[in-house]
Ligand code: EPZ
């Protein structure tokens with residue numbers, strides 16, 4: 014799939030964000046902790062949500078999507094083994110491991126491969142399950158876990174891993190006794206998962222802080238739950254307004270969830286107007302240079318690093334981005350350079366010498382946030398760009414081209430098979 018973008022037009026208007034992808038995925042996995050039916054509302058229509066639905070179906074769960082509501086019926090006996098091809102497609106599939114250990118006492122999930130942004134091991138997930146009494150073996154590319162009954166444990170996470178915090182939290186909900194996660198991730202999506210589990214009768218406290226306590230319970234009931242808005246999608250459209258020097262109102266965003274991004278946009282010279290569930294951005298001129306260090310929440314989110322680099326490429330000076338969360342998340346820099354950006358990568362730092370303009374080019378997206386970055390740069394560049402690999406974008410941005418078109422962007426989508434650069 015590809016997109017043709019003709020740049021140079023300031024975006025103006027209103028864009029409404031969907032529910033958070035990174036809340037929907039763990040919550041859909043958590044729904045199988047109960048044998049009852051659960052309904053989750055405000056779920057974004059995304060490829061990753063479809064992949065998670067297929068993953069749940071592959072272990073015997075019935076999943077039905079109607080609009081942005083997902084009905085999950087985990088009642089039938091579950092299979093304990095997840096298929097390789099689905100886990101390969103999406104790392105978040107690994108989040109079914111904790112719930113399967115609670116429901117069946119056994120789970121076999123393929124080791125998720127790395128991806129474009131790095132190796133992405135799951136050692137912290139496994140360390141947590143072992144601390145709770147699970148025997149873990151890795152054979153034939155599968156991680157097999159078995160336990161008679163999970164027992165609560167004190168678990169310290171070397172890194173405040175989002176996925177490990179979520180997987181261990183879900184295992185703790187069905188364990189005997191109390192589990193404490195120290196150095197837990199504090200992202201809003203962790204809080205959303207805890208609220209969802211508590212709405213099923215779990216007893217999770219401290220979510221959103223670095224210490225989460227989970228009192229195991231015997232049974233969980235089904236629930237109906239609506240997930241939080243997507244803070245990364247909101248940040249992406251705010252940056253789109255900034256990079257095209259337009260005026261964009263982003264609706265369905267919780268301003269406190271994007272505090273670090275708003276601070277950096279303000280530093281770059283943007284005028285921001287915060288409502289209770291909206292933020293409007295007005296960007297009169299080229300951005301001032303800013304320095305960014307990606308950190309676990311509440312620090313600047315690594316998922317906004319790539320889109321923000323598109324803005325800083327136009328900076329009135331030199332900016333520095335240091336990526337501390339993933340080891341290889343600068344693939345988009347090379348593509349931006351092909352548009353005339355001046356970016357030097359040194360280890361986990363990107364030094365960006367701002368330029369007054371970029372020119373359109375043929376570009377390759379390697380992951381969803383890199384795809385968003387290149388689209389934003391193309392919207393602000395002079396001339397025409399063609400972006401390949403836009404299927405990555407639709408993993409995490411529902412209606413991406415339509416939403417940008419509604420803001421005045423000149424975007425054409427083609428599902429032509431990938432063409433080699435030579436012909437362009
Ligand atoms: C979640 O991934 C998000 N995905 C990512 O969003 C996000 O970038 C990331 O958190 C960080 O905020 C979902 O929520 C579905 P981590 P996750 O475990 O859980 C290392 C997007 O664009 N690590 O917090 O996989 C790991 O290698 C995606 O929407 C270990 O070493 O991230 C990484 O360097 C991309 N061992 C760091 O921790 C482990 O056992 C953070 O990973 C686990 C992680």
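Numbering (our numbering), first residue to last: 14 to 437.
Idealized CB from N, CA, C, for every residue including glycine.
The structure presented is a predicted model; accordingly, all values stated were derived computationally and were not measured.
* To do: Would you be able to state if there are at least three C-beta pairs under 8 Å between the segment 61 to 73 and the segment 133 to 153?
  => Inter-segment contact for the segment 133 to 153 and the segment 61 to 73 is absent: fewer than three beta-carbon pairs are separated by less than 8 Å.
* Asked: With distances taken between CB atoms, is the gap from residue 115 to residue 100 smaller than 8 Å?
  -> Residue mapping note: residue 115 aligns to position 102 of the chain shown, counting from 1. Residue mapping note: residue 100 aligns to position 87 of the chain shown, counting from 1. In this structure, residue 100 does not lie closer than 8 Å to residue 115 by Cβ.
* In chain order, each beta strand (DSSP E) run of at least 3 residues that lies wholly inside the segment 213 to 281 -> Taken in chain order, the complete beta strand (DSSP E) segments of 3 residues or longer contained in the segment 213 to 281 are 216 to 218, 224 to 228, 237 to 239, 260 to 264.
* Asked: Closest by CA to residue 374, which one among 356, 393, 397?
  -> Translated into positions along the chain shown, residue 374 becomes position 361. For residue 374, the closest alpha carbon among the candidates 356, 393, 397 is that of 397.
* Asked: For the segment 148 to 158 against the segment 76 to 83, are there 3 or more C-beta pairs whose distance is under 8 Å?
  -> No: fewer than three Cβ pairs fall under 8 Å.
* Asked: Is residue 40 near the ligand EPZ, with its Cβ less than 7 Å from a heavy atom?
  -> To locate residue 40, count along the chain shown from 1; it is residue 27. Every heavy atom of the ligand EPZ is 7 Å or more from the Cβ of residue 40, so no.
* Asked: Opposite residue 362 in the DSSP bridges: which residues?
  -> Position 349 of the chain shown, counting from 1, holds the residue named residue 362. Residue pairing from DSSP places residue 362 in a beta bridge opposite 335, 359.
* Do the segment 241 to 249 and the segment 25 to 41 make contact, defined as three or more Cβ pairs closer than 8 Å? -> Taking 8 Å as the limit for Cβ pairs, the verdict is that the segment 25 to 41 does touch the segment 241 to 249.
* For residue 168 versus residue 195, is the C-beta spacing smaller than 8 Å? -> As a position in the chain shown, residue 168 is number 155, starting the count at 1. As a position in the chain shown, residue 195 is number 182, starting the count at 1. It is a contact, given that the beta carbons lie within the stated cut-off.
* Asked: What did DSSP end up calling residue 172 once you bin it into helix, strand or coil?
  -> Here the question's residue 172 lines up with position 159 in the chain shown. In this structure, residue 172 counts as coil in the three-state DSSP scheme.
* To do: Put residue 78 into one of helix, strand or coil per three-state DSSP.
  => In the chain shown, the residue the question calls residue 78 occupies position 65. Note: residue 78 maps to strand in three-state DSSP.
* **Sequence-distant residues of its chain with Cβ nearer than 8 Å to residue 361 (five each side left out)** => Sequence index remark: in the chain shown, residue 361 carries index 348 (1-based). If we look at residue 361 and ignore the five residues flanking it on each side, its Cβ neighbours are 335, 336, 337, 340.
* Status (buried if at least 16 other CB within 10 Å, exposed otherwise) for residue 405 -> On the chain shown, residue 405 is found 392 positions in, with the first residue counted as 1. With 16 or more Cβ atoms within 10 Å of its Cβ, residue 405 is classed as buried.
* Asked: Can you name the residues that DSSP bridges to residue 194?
  -> The residue labelled residue 194 in the question sits at position 181 within the chain shown. Residue 194 pairs with 168, 225.
* To do: With a threshold of 7 Å, establish whether the CB of residue 409 neighbours any heavy atom of the ligand EPZ.
  => Numbered from its first residue, the chain shown carries residue 409 at position 396. Flag set: Cβ of residue 409 near the ligand EPZ.
* Asked: If residue 372 sits next to residue 15, beta carbons under 8 Å apart, how far is it from one beta carbon to the other, in whole angstroms?
  -> Here the question's residue 372 lines up with position 359 in the chain shown. Here the question's residue 15 lines up with position 2 in the chain shown. Not really, about 18 Å apart at Cβ, beyond 8 Å.
* Asked: Roughly how many angstroms lie between the CA atoms of residue 310 and residue 61, to the nearest whole one?
  -> Against the chain shown, residue 310 aligns to sequence position 297. Against the chain shown, residue 61 aligns to sequence position 48. Between residue 310 and residue 61, the alpha-carbon positions lie close to 22 Å from each other.
* To do: May I ask you to list the residues that DSSP assigns as paired with residue 27?
  => The count along the chain shown starts at 1 and reaches residue 27 at position 14. Partner(s): 262.
* Can residue 174 be considered in contact with the ligand EPZ, in the sense that its beta carbon sits closer than 7 Å to one or more heavy atoms? -> In the chain shown, counting from the first residue as 1, residue 174 sits at position 161. Indeed, a heavy atom of the ligand EPZ lies less than 7 Å from the Cβ.
* Asked: Are the Cβ atoms of residue 332 and residue 368 separated by less than 8 Å?
  -> Against the chain shown, residue 332 aligns to sequence position 319. Against the chain shown, residue 368 aligns to sequence position 355. No Cβ-Cβ contact shorter than 8 Å links residue 332 with residue 368.
* Asked: Taking the alpha helix (DSSP H) that residue 416 falls in, what are its first and last residues?
  -> Here residue 416 is taken as the residue at index 403 of the chain shown, counted from 1. Unbroken alpha helix (DSSP H) run through residue 416: 413 to 419.
* Work out the CA separation of residue 233 and residue 314 for me, nearest whole Å. => Here residue 314 refers to the residue found at position 301 of the chain shown. Here residue 233 refers to the residue found at position 220 of the chain shown. Those two C-alpha atoms are separated by around 33 Å.
* How big is the Cα-Cα spacing for residue 239 and residue 347? -> Reading the chain shown from its first residue, position 226 is the one you call residue 239. Reading the chain shown from its first residue, position 334 is the one you call residue 347. Spanning the two alpha carbons is a distance of roughly 39 Å.
* Euclidean distance between Cα positions of residue 25 and residue 285 -> Translated into positions along the chain shown, residue 25 becomes position 12. Translated into positions along the chain shown, residue 285 becomes position 272. Rounded to whole angstroms, residue 25 to residue 285 spans 14 Å at the Cα level.
* Thinking just about the alpha-carbon of each residue, which of 209, 211, 179 is nearest to the one in residue 11? -> This structure gives no information on residue 11, because the portion of the chain shown stretches from 14 to 437.
* Please classify residue 208: does DSSP put it in a helix, a strand, or coil? => By one-based count along the chain shown, residue 208 stands at place 195. Taken through DSSP and simplified to helix, strand or coil, residue 208 comes out as helix.
* Bridge partners - residue 16, DSSP secondary structure assignment -> Locating residue 16 in the chain shown gives position 3, where the first residue counts as 1. As computed with DSSP, residue 16 is found in a beta bridge with 400, 426.
* Which first and last residues belong to the beta strand (DSSP E) in which residue 293 is found? -> Taking the first residue of the chain shown as 1, we reach residue 293 at position 280. That run of the beta strand (DSSP E) goes 291 to 295.
* Meets three-Cβ-pair contact criterion under 8 Å: the segment 48 to 55 and the segment 82 to 90 -> Contact holds: three or more Cβ-Cβ distances are below 8 Å.
* **Status (buried if at least 16 other CB within 10 Å, exposed otherwise) for residue 277** => Along the chain shown, read from residue 1 onward, the residue named residue 277 stands at position 264. By the neighbour-count rule (16 or more Cβ atoms within 10 Å), residue 277 is buried.
* Give the DSSP-derived three-state secondary structure of residue 379 in the structure shown. => Here the question's residue 379 lines up with position 366 in the chain shown. Coil.
* Asked: Along the chain, which unbroken stretches of the alpha helix (DSSP H) at least 4 residues long are found entirely within the segment 65 to 153?
  -> The segment 65 to 153 contains these whole alpha helix (DSSP H) runs: 97 to 102, 110 to 117, 136 to 144.
* **Three-state secondary structure (DSSP) of residue 432** => Locating residue 432 in the chain shown gives position 419, counting from the first residue. Any reading at residue 432 must be qualified, since the residue scores a pLDDT of 45, below 50, and its modelled position is unreliable; no value is offered.
* **Same chain, Cβ closer than 7 Å to residue 187, five either side skipped, listed in chain order** => By one-based count along the chain shown, residue 187 stands at place 174. 46, 115, 163, 229.
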